[in-house]
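K.L.:
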Amino acid sequence: MLKILKYSFMDLMRSRWSYVYFFFYLVLGFVLFFLNSDVTKAVITLMNVIIVLTPLIGTIFGVMYFYSSREFTELLLAQPLKRKTIFAGQYLGVSLSLSMSLVVGVGIPFVIYGIFGSAAIWDFSTLLLVGAFLTFIFVALSFNLALAFKDRIKGFGFSILMWLFMAVIYDGLFLLSMMIFDDYPLDKLALGATLFNPIDLSRILILLKLDISALLGYTGAVFKNFFGTGLGLLLSLIMLSVWVLIPGALMLRQAEKKDF
Amino acid sequence: MIEVRKLNKSYGPVDVLKGIDITFDRGEITAILGPNGSGKTTLIKSILGMVIPNSGEILLDEQNVLGSWRYRDKISYVPQIANFPGNLKVAELIRMIRDIRPGAMNHEKLIDLLKLQPFLDKKLVALSGGTRQKVNLVLAFMFDAPLIVLDEPTAGLDPVALILLKQMIAGEKAKGKTILITTHIMNLVEEIADKVVFLLDGLIYFHGTVAELREKTGEGNLEKAIAAILRDSYA
Amino acid sequence: MKIEKLLIIGLLLASSLSAASRTVGAEEALTSIGEAMKVSAPGDTIFIQPGTYREETIYIDKPLVIIGRDYPVIDGMNKGYILEVRSDSVTVKGLMLINVQKSYTKAYSAIHVYGSKNFVIEDNKLRNSFFGILIERSKEGLIRGNRVIGNAVTEQSSGNGIHAWHSDRLTISDNHVEGMRDGIYLEFVNKSEIVGNLSRNNVRYGLHFMFSNDDRYLQNRFENNGAGVAVMFSKRIDMRQNEFALNWGSASYGLLLKEILEGEIVDNTFHRNTIGISADGASKITFSHNNFDNNGWAIRFHGACYDNDITKNNFRHNALDISYKGPINGNVFDQNYWSEYAGYDLDKNNVGDVPYRPVKLFSYVVNKTPETIILLRSLFVDIINFSEKVSPIMTPDNLKDNRPLMKPVEIDDRS
Chain R
2 MLKILKYSFM DLMRSRWSYV YFFFYLVLGF VLFFLNSDVT KAVITLMNVI IVLTPLIGTI
62 FGVMYFYSSR EFTELLLAQP LKRKTIFAGQ YLGVSLSLSM SLVVGVGIPF VIYGIFGSAA
122 IWDFSTLLLV GAFLTFIFVA LSFNLALAFK DRIKGFGFSI LMWLFMAVIY DGLFLLSMMI
182 FDDYPLDKLA LGATLFNPID LSRILILLKL DISALLGYTG AVFKNFFGTG LGLLLSLIML
242 SVWVLIPGAL MLRQAEKKDF
Chain L
65 MIEVRKLNKS YGPVDVLKGI DITFDRGEIT AILGPNGSGK TTLIKSILGM VIPNSGEILL
125 DEQNVLGSWR YRDKISYVPQ IANFPGNLKV AELIRMIRDI RPGAMNHEKL IDLLKLQPFL
185 DKKLVALSGG TRQKVNLVLA FMFDAPLIVL DEPTAGLDPV ALILLKQMIA GEKAKGKTIL
245 ITTHIMNLVE EIADKVVFLL DGLIYFHGTV AELREKTGEG NLEKAIAAIL RDSYA
Chain S
696 MKIEKLLIIG LLLASSLSAA SRTVGAEEAL TSIGEAMKVS APGDTIFIQP GTYREETIYI
756 DKPLVIIGRD YPVIDGMNKG YILEVRSDSV TVKGLMLINV QKSYTKAYSA IHVYGSKNFV
816 IEDNKLRNSF FGILIERSKE GLIRGNRVIG NAVTEQSSGN GIHAWHSDRL TISDNHVEGM
876 RDGIYLEFVN KSEIVGNLSR NNVRYGLHFM FSNDDRYLQN RFENNGAGVA VMFSKRIDMR
936 QNEFALNWGS ASYGLLLKEI LEGEIVDNTF HRNTIGISAD GASKITFSHN NFDNNGWAIR
996 FHGACYDNDI TKNNFRHNAL DISYKGPING NVFDQNYWSE YAGYDLDKNN VGDVPYRPVK
1056 LFSYVVNKTP ETIILLRSLF VDIINFSEKV SPIMTPDNLK DNRPLMKPVE IDDRS
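Residue numbers (this note's numbering), protein chains in the order written: chain R, 2 to 261; chain L, 65 to 299; chain S, 696 to 1110.
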């Protein structure tokens, strides 16, 4: 698997899109510092970008890579390799190369502008960790969709739809249902709904780091207890891991049964 | 050598293979023929484990291979369309496959034979279809596997390369290997195949030597023999 | 009349002429402070030597100056008040007062000033005092430079640091109050000044006004209290150059205005509070030259706020700038700097050419259903905010700043 991972990774690392992605984050980082030289502010703005963009890029790259490497996959399938090995290797290759572009691209400007001396180092690390998690989650989801649809247009369409659902529609429905049922105690529902969307979960995780917890706590004891403790942080991280593991496992299961 | 028993495969409502029973023997070249959609590629991919059959068995040297993967070490496969990771160079691709699957031996000889040296440092996207097919051949023939599967190996090859391919196939046969080949070029079949399998609508319509096929259809020419079968089946 | 006045002056002169200075200490003639009170005459100065004095309530019923040397410790042994000041013109300076009785019925304090004029409480240290300094029915006093440090946990079992009731013209300055119920509490206290105090880590409020009018508080710092400052049922309070920081917790705020009329809030800094200012029934107040930075909400207007003027403030990086209920009610937003303003300034006059709407649709949603705050900073919320900005439906059409500034306002905040 490590060999497959290595080759997928190297293949992507050489692709033009990886550079585009990398330079995008590099430029973003520098622009943020240019506009407000305060590291904390830059972290907040960066959060807005990362929460939306890493899932989108993960989705698009995942689908694109899967379809464009189809023949290569077939070549590998004819070799004495386990299917799991092949797909896990490719999946990790894509996810790692995207995460690398993110971490290095954003990291360079932050290091240059002195993140190590700043108190925001932990916020920043959380941000990158969450960005990497989102990449892994959305690459896995898009691999699943690409495996399910032989037709590229369909696969692409459904992947974008999935992103749109997770990034926007879910929150819209969530907000609407909270407003409709606002006579009932909502905090548990809200908490639950957050855990079931990795984008919301990541957003909350970063907001917690940025000390918005008190603002959330304003609304009720459940939020306060959950977000005020290390338990909330731990549970969020566990849920994010589950969000990587389940789509990953589903993807491998699907790959086992698929005809090429 | 390789035995297929009651192999069934359907894609949704379409039955592609309807209970195939066939044995391929050691030291024989078998051409798998049939019209488009008759199940040739599905059969080959089932043997390779790329397509998962609904029922039936495939035995390689008396071992059931369905669901396992180590047996593929005994197979060299030349796929139909040769498309590779475009960002890799030819030499890197060869090195990579050697890295993934140990045991390659005569890749240098093959590169010389197919005159691929000038392309070793080129990226795969930059190659013509024929050159890519040559790379494809190197990838398959550099292993010393007892079973060789070629899916339309002649696509895009120039006459010189075609002659080389034939020589390579003959050479492998001489080593006592089992060779399966699908092609639309009947001359090639007549020239190299010991046996012919003719698939029609997911069933084996004919399995025997070229001479037997001619005899059965009463046509002297293989191409016409095939045409005769198709005419009968559509009639 | 004249003769009476002359007589009084004469008496004062006489007493000051005859004023003696006494010293209390383990090695002195006087070993107890209570004893010293009995023997001293009005106008005397009493020095207290370093050491620990275990005393029950000490009554000061004549004009005296009491000065501690090196903070002598006066231990009240948890029996009622420690110092009872019941005379005019008393000065208490440089003492360390500890152990005041706790009670659920009486407000025992380390220093209790009752019915006094012209008193000075200066440079004392108070520890484990139930209430710290309690002033009742007094006038023209100075409370300066005291350090009141407690370890309050709940509101019920703790007292206020500096507590004044029915008093006028007090000056409370440069004190440090920490870990009490309210840092400074004023009820029916008029025409007083509260200057340069530091009030932090108190369970309830840093500073609390009830039914007090015409007071000024300036250059104070309120930090990490249950809530910063509560101004309730008061008129004409002048609030300047204060710093409200880190009042960060559920239901916490920098400044609470409840039933307030005609105040001025100028040159203050609100930094990292859950809510910068929470206004409920606040009218005719001028908010200008304040900094609102990194708060959850900069200002929340609840109901019944009329004719307030919010001009030339800086709103920077607050999660939500303004939360607002009901119609516009004559409140004016003008010439503020909003860090989220995305308009342009073609004529380069430092005034944006399109108005800014400080109330986002999301803040309406949060008002209605508070739990929705969990969607803060999500893409969906950004989208609905944007669409509301483009075509307002929910927010009052005239709730906007027509002249948003392109650059922050210069603010005269002590720093």
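The beta-carbon is built from N, C-alpha and C at its ideal position, and this holds for glycine as well.
Just so it is clear, the structure is predicted and the values come from calculations on it, not from any experiment.
(1) Taking 6 Å as the limit between beta carbons, can you name the residues of its chain near L123/L, skipping five residues before and five after?
(2) Could you check the C-alpha separation between Y1036/S and I932/S for me, to the nearest Å?
(3) For S929/S, list the residues DSSP reports as bridge partners.
(4) Please list, in chain order, all residues of the same chain as E236/L whose beta carbon is under 7 Å from its beta carbon, the five residues on each side excluded.
(5) Which stretch, first to last residue, makes up the beta strand (DSSP E) that contains A974/S?
(6) Taking 7 Å as the CB-CB limit, is L29/R close to chain S?
(7) Is K155/R close to chain L, meaning its C-beta is less than 7 Å from at least one C-beta of that chain?
(8) Would the beta-carbon of R159/L fall within 7 Å of that of A168/L?
(9) At what residues does the alpha helix (DSSP H) containing G235/L begin and finish?
(10) Over the uninterrupted beta strand (DSSP E) stretch that includes D739/S, give me the two end residues.
(11) Going by DSSP, what residues sit across from H966/S in a beta bridge?
(12) Say whether chain L places a C-beta atom closer than 7 Å to the C-beta of S16/R.
(13) Return yes when the Cβ of F261/R is within less than 7 Å of the Cβ of E75/R, no when it is not.
(14) Hey, quick one: how far does the alpha helix (DSSP H) through E72/R stretch, first residue to last?
(15) Helix, strand or coil for S798/S per DSSP?
(16) How many angstroms separate the CA atom of S735/S from the CA atom of R717/S?
(17) Can you tell which of G101/L, R165/L, T94/L, R90/L has the C-alpha that lies nearest to the C-alpha of V78/L?
(18) Can you name the residues of chain R whose CB is closer than 7 Å to the CB of D163/L?
(19) Would you call the segment 775–794 of chain S in contact with the segment 804–814 of chain S, where contact means no fewer than 3 C-beta pairs closer than 8 Å?
(20) Would a check of beta-carbon distances place Y141/L closer than 7 Å to chain R?
(21) Verify the CB distance criterion: does F965/S have a CB-CB separation below 7 Å to chain R?
(22) Helix, strand or coil, according to DSSP, for A266/R in the structure here?
(23) Answer with yes or no whether the minimum CB distance from V115/L to chain R is below 7 Å.
(24) Does the segment 1073–1089 of chain S touch the segment 1000–1014 of chain S, meaning 3 or more C-beta pairs lie closer than 8 Å?
(25) Just tell me which of S887/S, T800/S, S1034/S has its CA closest to the CA of K930/S.
(26) Determine the extent of the beta strand (DSSP E) in which M905/S is found, giving its start and end residues.
(27) Give the interface partners of N145/R over in chain S, defined as CB-CB distance under 9 Å, in chain order.
(28) Where does I51/R fall in DSSP's three states?
(29) Using three-state DSSP, classify T1064/S as helix, strand or coil.
(30) Compute the beta-carbon to beta-carbon distance between L81/L and V261/L, rounded to the nearest angstrom, for a pair I have assumed lies under 8 Å.
(31) Which residues does DSSP pair with T866/S in a beta bridge?
(32) Decide yes or no for the touch test of the segment 84–102 of chain R against the segment 168–175 of chain R: beta carbon pairs closer than 8 Å, at least 3 of them.
(33) Taking the C-alpha atoms as reference points, what is the distance between G233/R and D1029/S?
(34) Where does E723/S fall in DSSP's three states?
(35) DSSP state of Q127/L, grouped into three classes?
(36) Got a sec: which bits of the segment 1073–1100 of chain S sit with their beta carbon under 9 Å from any beta carbon on chain R, in order along the chain?
P.N.:
With the given structure in hand:
(1) For L123/L, same chain residues with a beta-carbon under 6 Å away, outside a window of 5 residues either side, are E67 in chain order.
(2) C-alpha separation (whole angstroms): 31 Å.
(3) The partner list for S929/S (beta bridge, DSSP) reads I955/S.
(4) Counting only Cβ-Cβ distances below 7 Å, and skipping sequence neighbours, we find I212, I243.
(5) Where A974/S is concerned, the enclosing beta strand (DSSP E) stretches over 970–978.
(6) Closer than 7 Å to the CB of L29/R there is not a single CB belonging to chain S.
(7) K155/R is outside the set of residues whose beta carbon lies under 7 Å from a beta carbon in chain L.
(8) In terms of Cβ geometry, R159/L and A168/L do not form a close pair [threshold 7 Å].
(9) Residues 223–238.
(10) In the DSSP assignment, D739/S falls outside any beta strand (DSSP E), carrying neither H nor E.
(11) For H966/S, which the question treats as bridged, DSSP gives the partners A940/S, D988/S.
(12) By the rule that beta-carbons nearer than 7 Å mark a contact, S16/R touches chain L.
(13) For E75/R and F261/R, yes; Cβs fall inside 7 Å.
(14) Looking at the DSSP string, the run of the alpha helix (DSSP H) that includes E72/R is 71–78.
(15) In the structure shown, S798/S sits in coil (DSSP, three-state: anything other than H, G, I, E or B).
(16) Going by the C-alpha atoms only, they are around 8 Å apart.
(17) The residue with the shortest Cα to Cα distance from V78/L is G101/L.
(18) Listed along chain R are K4, each with a C-beta nearer than 7 Å to that of D163/L.
(19) With a cut-off of 8 Å, the segment 804–814 of chain S and the segment 775–794 of chain S count as touching, because enough Cβ pairs lie within range.
(20) Answer yes: the Cβ-Cβ gap between Y141/L and chain R drops below 7 Å somewhere.
(21) Cβ-Cβ to chain R under 7 Å: no for F965/S.
(22) Past the edges of chain R, shown from 2 to 261, lies residue 266/R, and the structure says nothing about it.
(23) Judged by the 7 Å Cβ criterion, V115/L is in contact with chain R.
(24) Too few Cβ pairs lie closer than 8 Å, so no.
(25) S887/S is the residue among S887/S, T800/S, S1034/S whose C-alpha sits nearest the C-alpha of K930/S.
(26) Boundaries of the beta strand (DSSP E) around M905/S: 900–905.
(27) Those do not exist, as N145/R stays about 23 Å from chain S at its closest Cβ, beyond 9 Å.
(28) In this structure, I51/R counts as helix in the three-state DSSP scheme.
(29) T1064/S falls in the coil class under three-state DSSP.
(30) That pair is no contact at about 12 Å.
(31) DSSP output for T866/S lists L837/S, E888/S as bridge partner(s).
(32) Touching, no, given that fewer than three Cβ pairs across the two stretches are closer than 8 Å.
(33) In a straight line, the C-alpha of G233/R is about 42 Å away from that of D1029/S.
(34) Coil.
(35) It is a strand residue.
(36) Taking 9 Å as the Cβ-Cβ cut-off against chain R, the residues of the segment 1073–1100 of chain S that qualify are S1073, L1074, F1075, V1076, D1077, I1078, I1079.
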